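In what follows, a single structure is set out as structure tokens and then discussed.
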Amino acid sequence: MDGLSPQERLVLAAIELELRHNGERLASRLSEFNERAEREGPRRFCDHVSRAEVAVVGVMVLILTGIVTLVIVTCK
Numbered sequence: 006m007d008g009l010s011p012q013e014r015l016v017l018a019a020i021e022l023e024l025r026h027n028g029e030r031l032a033s034r035l036s037e038f039n040e041r042a043e044r045e046g047p048r049r050f051c052d053h054v055s056r057a058e059v060a061v062v063g064v065m066v067l068i069l070t071g072i073v074t075l076v077i078v079t080c081k
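Mapping of the sequence shown onto this note's numbering: position 46 corresponds to residue 51, and the numbering continues sequentially without gaps.
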């Protein structure tokens, strides 16, 4: 801190005080978040997709693959 001006020292001191004040609150919020994440498991952010939706997408892929194959075969 030798190279800091008096204004910079005041700003740094204000930042340190703010971090001391909010640091405890932030630490408790992060702790709560981590506890909740452990309880809910890794799939907590996943969208729930039904088997019917997966089946419809699979059928669409098969149909489109068939159409593209027919187009390629008939164009030769």
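Yeah, the Cβ is synthetic: ideal placement off N, Cα and C, and Gly gets one too.
The structure displayed is predicted, hence computed values, not measured ones.
Rounded to the nearest angstrom, the Cβ distance from Leu9 to Leu17 is 7 angstroms, consistent with a contact under 8 angstroms.
The three-state secondary structure of Ser36, taken from DSSP, is helix. According to the DSSP assignment, Leu67 belongs to the alpha helix (DSSP H) that extends over 56–80.
Rounded to the nearest angstrom, the gap between the Cα atoms of Leu69 and Ser55 is 22 angstroms.
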